[in-house]
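Numbering (this note's numbering), first residue to last: 347 to 447.
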Amino acid sequence: MTTAERSGHYLIKGITRDRKVFRPGDWAERLMDVIVLFVGERRPGFHIASTRLAMPFVDTGVKCLMISDELRRVCPEVFEFVIRFAEDNDLALNRVDPGAG
């Protein structure tokens, strides 16, 4: 098992704590674009794979973004930006550890 596979993840759901759907509807894709931009600027030559560092998806009709703990090591500034974004917008944010569940 590689370090990346052992890393935990953070799940951000596009629903606020008071159960309102977060808008705009493409927020996860926009954050993914920011991640790609930040990593590209701060780590030239580091190829980002969306399935490895961050992955937008829909779960039971709710837009979500899964970010890998590896992002914290690759580009701590963008990791903190994404976590702060979730907190500032009162989005559900949960740590998902490997092997849990």
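For glycine and all other residues, C-beta sits at the position ideal for the given N, C-alpha and C.
MET378 is the residue among LEU439, MET378, PHE403 whose C-alpha sits nearest the C-alpha of LEU417. As a beta-bridge residue in DSSP terms, CYS410 pairs with LYS359, PHE403.
Linking THR406 to ARG430 through their CA atoms gives a straight-line distance of about 24 Å. LYS366 sits exposed, since fewer than 16 C-beta atoms from the chains shown fall within 10 Å of its C-beta.
When DSSP states are grouped into helix, strand and coil, ARG441 belongs to the strand group. Rounded to whole angstroms, the Cβ separation of ASP436 and ARG363 is 5 Å, and the two are in contact under 8 Å.
Take LEU399, set aside five residues on each side of it, and the residues of its chain with a beta-carbon closer than 8 Å to its own are ILE381, VAL385, ILE413, SER414, GLU416, LEU417, VAL420, in chain order.
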